[in-house]
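Enquirer: The structure follows.
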């Protein structure tokens, strides 16, 4: 039997760490928490300083028994759960269950699972940090008081299976408020005037700026006509040419939030998937006989952009060796965002020398893509700024001024490795202007006025919602993914074209919370509570005081809501068609995966059907049915015949109504990062990419 027992959360991590520590150490996994508040009841004694009642989690008995047996045989037990509040709480619960003195040097933490980091961490064991434990415990109790008091009330007054939580309710409120902004939005008309200019055979684009040196808006067609009437012919004189050199700095390394946002933009990953794959990269990947199983990235729950001096030095060596000294950035210390905890480093590769290309064959497709994103971002963050040459040209005709702008990358710097994604999906490319000089005359080709209308604010994507929550200080890195997952599972919001749309149920619940528990959905209150929890973690305040201040007002609101909240009946929406089994009317119902059709004669008739969206295309296989849009359980869109299962036509690409002009077969829309391209499913016919 080994002399020392080390307890971590996951078996994957256990296997990696045991290999580093050697024969004297046995590493076992607790499989996460072993104790928690009971599921069937509140588990918090509100009359006794909010004393929590912890029980062994169902199914964890055998795990705990095995750990107790191993702990009795070991000379010393080390608790090596993750380096955050949750990990500290897991260590504390384990210490309690295994009769370990939490004030002894039993706690080991590390930010990366590499041989050097693990060995170094075991040289510096410490006591369990009770401030961290209290901060986690305060959050858990606070969420239990909210959830286990409001949820039963919602079940009674609205519908069974509902829940209310502090951060999730604020997130739903934000989505609803955005939807109401969109509904109230009234577009304003505005115009632009674009022109193609020619210098010899070289063409460049410009746009109307103003008159006599003053910028002028174009609110309507009348103002456009006034501008056009001032022009005398199509000759424009170049009045001014401004050239300047501009530096563009690289993005900072990833935090949890920025990783989730960028993975959504560039990889089309949901927040939950990003964290799941990142966990795999952190816990360890088998790289073969040479290196064995090793953690590829540092801990992925962090709001810090700090980088260790060792990692900076290694990155500097790598950049110099592979790109040249001129590509090396300055070693200026990165400044964290206000409120960042800085307990860990940013998310980075554990060694920059493990470049993605060399590991591709050992990683799954998702692991490779996410690792490459993390590696690229970190490496670029340590590189020199890009240098851009920019040029703005002022073109005049009878006092009417057009302007043309261009830019060119003079020195790529960090852009040689990585460029941050954009929410608007615009491609970054050089806009080159000819060699233009002041006093030169150029001719305008086509001068084209264009009518526009202002657009409502966009609905939240997962990435945009995570960014907004982070900017407002809602939640912490570990809470974003589960929050987004919960609000969808509860049926409060749905995803339409990857954007959040509130459901009727979501609006009903939030309106009730707004009336009876306004603090629960108040952004400022939620942000203040996060600050209070941070103060507990820093040892500046007692957790009981935080809970007591909250509960005093909350308890009174709860009593009022029990008496005054009216019961709401959510009526099923008629679908306008009859059930083919019994003749009763079909209605729309909300299920786990969104709306579906069900017979109103339930439970006598249990007929249900998916809602099919026709796309105006006849089935190419059976020629009788229509192609409809369907969704898998994981929300992926595909297309099939509405006569299924009689006809089994299926396509992941969207069919279009016209046939291939070359072979008369089915045409489909193929989507890629460059845009949408129409292709034939039978021959090599393609149409130009539509951006």
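Residue numbers (this note's numbering): 594 to 1284.
Positions of the beta carbon are idealized from the N, C-alpha and C atoms, including for glycine.
Between which residues of its own chain and residue 1273 is the CB-CB distance below 7 angstroms, once the five residues before and five after are set aside?
Expert: The answer, listed in chain order, is 1253, 1255, 1256, 1258 and 1260.
Enquirer: What span of residues does the alpha helix (DSSP H) with residue 715 cover, start to end?
Expert: Per DSSP, residue 715 belongs to no alpha helix (DSSP H) and is neither H nor E.
Enquirer: Using a Cβ-Cβ cut-off of 6 angstroms (strictly less than) and excluding sequence neighbours within five positions of residue 1063, which residues of its own chain qualify?
Expert: Result list for residue 1063: 850, in chain order.
Enquirer: Do you know how far the Cα of residue 879 is from the Cα of residue 646?
Expert: When rounded, the distance between both Cα atoms is 41 angstroms.
Enquirer: Compare the C-alpha of residue 1157 against each of 728, 749 and 718 and name the closest.
Expert: For residue 1157, the nearest C-alpha among the options comes from 749.
Enquirer: Using CA atoms only, rank isn't needed, just tell me which of 643, 623 and 629 is closest to residue 657.
Expert: Taking only the C-alpha atoms, the option nearest residue 657 is 623.
Enquirer: When we look at the beta-carbon of residue 1096 and count the other beta-carbons within 10 Å, is it buried (16 or more) or exposed?
Expert: Under this definition residue 1096 is a buried residue.
Enquirer: List the DSSP bridge partners of residue 797.
Expert: According to DSSP, which records beta bridges pairwise, residue 797 is partnered with 790.
Enquirer: Per DSSP, which residues does residue 1258 bridge with? Please list them.
Expert: Residue 1258 is not bridged to any residue.
Enquirer: With a cut-off of 8 angstroms, do at least 3 Cβ pairs link the stretch 834 to 845 to the stretch 973 to 986?
Expert: Yes: the two stretches touch, three or more of their Cβ pairs being nearer than 8 angstroms.
Enquirer: For residue 946, is the classification buried or exposed, using 16 other Cβ atoms within 10 angstroms of its Cβ as the cut-off for buried?
Expert: Looking at its Cβ environment, which holds fewer than 16 other Cβ atoms inside 10 Å, residue 946 is exposed.
Enquirer: Please classify residue 883 as buried or exposed, where buried requires at least 16 other C-beta atoms within 10 Å of its C-beta.
Expert: The residue is exposed, with fewer than 16 neighbouring Cβ atoms inside 10 Å.
Enquirer: Count the other CB atoms within 10 Å of the CB of residue 1103; is the residue buried (16 or more) or exposed (fewer)?
Expert: So residue 1103 counts as buried.
Enquirer: For a quick check, are the C-beta atoms of residue 1045 and residue 704 less than 8 angstroms apart?
Expert: Contact: no.
Enquirer: Going by beta carbon distance, what residues of the same chain come within less than 6 angstroms of residue 823, once the five residues before and after it are set aside?
Expert: Result list for residue 823: 991 and 993, in chain order.
Enquirer: Let me confirm a value: residue 717 is counted as buried when at least 16 other C-beta atoms fall within 10 Å, else exposed. Which label applies?
Expert: Exposed, since its Cβ has fewer than 16 Cβ neighbours within 10 Å.
Enquirer: According to DSSP, is residue 1284 part of a helix, a strand, or is it coil?
Expert: Bear in mind that a pLDDT of 41 at residue 1284, under 50, signals an unreliable position, so the model cannot answer this.
Enquirer: Using 8 angstroms for Cβ pairs, my map puts residue 672 next to residue 684. What's the rounded Cβ distance?
Expert: That pair is a contact at about 4 angstroms.
Enquirer: When you compare only the Cα positions, how much space is there between residue 760 and residue 1061?
Expert: Their backbone Cα atoms lie some 13 angstroms apart in a straight line.
Enquirer: Would you identify the three-state DSSP class for residue 785, choosing helix, strand or coil?
Expert: Residue state, collapsed to three classes: strand.
Enquirer: On a Cα-Cα basis, can you pick out the residue from 1024, 1199 and 1151 that is closest to residue 797?
Expert: Of the listed residues, the one whose Cα sits closest to residue 797 is 1024.
Enquirer: So which of 1138, 702, 958 and 1241 has the shortest CA-CA distance to residue 730?
Expert: Ranking the options by Cα distance to residue 730, first place goes to 1138.
Enquirer: Check whether the Cβ atoms of residue 970 and residue 1051 lie closer than 8 angstroms to each other.
Expert: No.
Enquirer: Among the candidates 1094, 707, 1220 and 597, whose CA atom is the shortest distance from the CA of residue 1054?
Expert: That would be 1094, whose Cα lies nearest to the Cα of residue 1054.
Enquirer: Which residue comes first and which comes last in the alpha helix (DSSP H) that contains residue 979?
Expert: Element bounds for residue 979: not the alpha helix (DSSP H) but the beta strand (DSSP E), 979 to 990.
Enquirer: Whole angstroms are fine: how far does the CA of residue 1166 sit from the CA of residue 1235?
Expert: Distance between the alpha carbons of residue 1235 and residue 1166 is about 23 angstroms.
Enquirer: Are there 16 or more other CB atoms within 10 angstroms of the CB of residue 607, so buried, or fewer, so exposed?
Expert: With 16 or more other Cβ atoms within 10 Å, it is buried.
Enquirer: Excluding the five sequence neighbours on either side, which residues of its own chain have a C-beta within less than 7 angstroms of the C-beta of residue 1240, listed in chain order?
Expert: Once the five neighbours on either side are set aside, the close Cβ partners of residue 1240 are 1212, 1214, 1215, 1218 and 1234.
Enquirer: With DSSP as the reference, label residue 932 as helix, strand or coil.
Expert: Here the model assigns residue 932 a pLDDT of 46, short of 50, so the residue's position is not dependable and the matter cannot be decided.
Enquirer: Which of the three DSSP states is assigned to residue 1250 in this structure?
Expert: In this structure, residue 1250 counts as strand in the three-state DSSP scheme.
Enquirer: Nearest by alpha-carbon distance to residue 654: which of 626, 641 and 665 is it?
Expert: Minimum Cα distance to residue 654 is reached at 626.
Enquirer: Starting from the C-beta of residue 809, find all residues in its chain whose C-beta is less than 7 angstroms away, skip the five residues before and the five after it, and write them out in chain order.
Expert: Contacts found: 803.
Enquirer: Can you tell me the Cβ-Cβ gap for residue 782 and residue 812, rounded? I've got them flagged as a contact below 8 angstroms.
Expert: Right, their Cβ atoms sit about 7 angstroms apart.
Enquirer: Taking the C-alpha atoms as reference points, what is the distance between residue 972 and residue 961?
Expert: Answer to the nearest angstrom: the Cα atoms are 16 angstroms apart.
Enquirer: What residues in its chain sit with their C-beta under 6 angstroms from that of residue 1209, if we drop five residues either side in the sequence?
Expert: Contacts found: 1250.
Enquirer: According to DSSP, is residue 920 helix, strand or coil?
Expert: DSSP places residue 920 in helix when its eight states are reduced to three.
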